[in-house]
């Protein structure tokens, strides 16, 4: 048990910032990103402990997959909550509105960040992985379970979509 | 916006990081409730509960192994690898018997050897024959020695009766085994003499004892017959009559 814990500590230290960033660029809220990231590692630890590290083929891909699933669950629940309480719910901030507000700030980083939130999930994911986390195309292909040429095309289209969003 | 410019801006997003406090707090939360990793000191200490657990398990396993071994060795024959274990348990049986019970125990063991000889003869295990005969002779020699040490006057008549019954059974078994093997498996002359002496002494002692009692006419006749048998040297027959009188 002690060895597994030590190994997972290393995994945590290596990937926690990447996973946090990956989640943050989707949810655009530090608080939610922290909650979801901690849940990713909680689930990761349970699997790591239960199955054993040898059973997990690619730890990075495994953690990103958990994060993607959690994000999907998060947005599914959020949609449900909106459907139930739409009459009483306060007006949700519009990401586009945020983008307009942020344009006044003229911060390049904030603009790109906001633009990333608005593009297609698949595009955002490959941009984060390829340009921020510097994952290689084969690694992204493995996470997405797609062929390498498909991933290359996806990266190209994602960058184009981001450019359009920033216009 | 040029692509290189966009990529540079994207890379600037690497600055987005969680706070160090949150990172360490979350790490602690993940492992909350999990046992602490063992350092050298804690590792050594935690060895002891395991050690205690193993200590508790060891006697249980040993006892189970011994029970299994004991059960298995009871089926072994003289000359077999584990017969020595069986013999050890028998030696312990003799050691823990009182001096008065020792001859009977030895005779029971001699009977056991005769039963083993029967099994050997039935399964034609020629290799076990010689060790079995030697073991039988050893038991008989020891039984003879123990019988010579018996003091009839201070012994329980019932114990003497049991001893004689065991001797009779042994003699019958020996004759049966000898007829199967077609060979004499041991000279029991000394044992017969020892038994004869015990029968004589026991009969004399019990006749004297009965003579002191007030008996009915029929019992008195039986006692006279027993005395006649005794005087004729038929001690076993005399004792059979004495047992009848003693049981009344």
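Protein chains in written order, with my numbering: chain A, 5 to 171; chain B, 3 to 250. Every residue, glycine too, gets a C-beta built ideally from N, C-alpha and C. Everything numeric in this text was worked out from a predicted model, so none of it was measured.
Query: Best match in B:74, B:23, B:248 for proximity to residue 84 (chain B) [C-alpha to C-alpha]; Result: B:74
Query: Residues of the segment 14-34 of chain A with Cβ closer than 9 Å to any Cβ of chain B, in chain order; Result: 16, 17, 20, 21, 24, 25, 28, 29, 34
Query: Residue-chain proximity (residue 51 (chain A), chain B), Cβ-Cβ < 8 Å; Result: no
Query: Same chain, Cβ closer than 7 Å to residue 131 (chain B), neighbours up to 5 away in sequence not counted; Result: 122
Query: Beta-carbon gap between residue 167 (chain B) and residue 138 (chain B) smaller than 8 Å; Result: no
Query: Range covered by the alpha helix (DSSP H) that runs through residue 159 (chain B); Result: 159-183
Query: Sequence-distant residues of the same chain with beta carbon closer than 7 Å to residue 72 (chain B), five excluded per side; Result: 91
Query: Residue 106 (chain B), buried or exposed, once every other Cβ within 10 Å from all chains shown has been counted against 16; Result: buried
Query: Interface flag, residue 114 (chain B) vs chain A, CB-CB below 8 Å; Result: no
Query: Cα-Cα separation between residue 161 (chain B) and residue 187 (chain B), rounded to whole angstroms; Result: 27 Å
Query: 8 Å Cβ cutoff, residue 14 (chain B) in contact with chain A; Result: yes
Query: Proximity test, Cβ basis, 8 Å: residue 19 (chain B) and chain A; Result: yes
Query: Chain B residues whose Cβ lies nearer than 8 Å to that of residue 131 (chain A); Result: 12
Query: Partners in chain A for residue 108 (chain B), counting only beta-carbon separations shorter than 9 Å; Result: Near residue 108 (chain B) there are no residues of chain A at all, since even the closest Cβ is about 60 Å away, more than 9 Å.
Query: 9 Å Cβ cut-off: residues of chain B touching residue 116 (chain A); Result: 8, 11, 12, 14, 15
Query: Reduced DSSP category for residue 153 (chain A) - H, G, I as helix; E, B as strand; rest coil; Result: helix
Query: Distance CB(residue 27 (chain A))-CB(residue 37 (chain A)) smaller than 8 Å; Result: yes
Query: Simplified DSSP state of residue 211 (chain B), which is helix, strand or coil; Result: helix
Query: Distance CB(residue 220 (chain B))-CB(residue 232 (chain B)) smaller than 8 Å; Result: no
Query: Contact list for the segment 131-161 of chain A against chain B, Cβ threshold 7 Å; Result: 131, 135, 136
Query: Presumed contact (8 Å Cβ cut-off) between residue 102 (chain B) and residue 149 (chain B), rounded CB distance; Result: Actually they do not touch by this definition, with Cβ atoms about 11 Å apart.
Query: Same chain, Cβ closer than 6 Å to residue 66 (chain A), five either side skipped, listed in chain order; Result: 60
Query: Nearest neighbour of residue 157 (chain A), chosen from A:126, A:171, A:137, A:168 [CA to CA]; Result: A:126
Query: Residue 218 (chain B) (DSSP reduced to helix, strand or coil); Result: coil
Query: Three-way DSSP call (helix, strand, coil) for residue 248 (chain B) in this model; Result: helix
Query: Between the CA atoms of residue 16 (chain A) and residue 75 (chain A) - distance to the nearest angstrom; Result: 19 Å
Query: Euclidean distance between Cα positions of residue 77 (chain B) and residue 128 (chain B); Result: 17 Å
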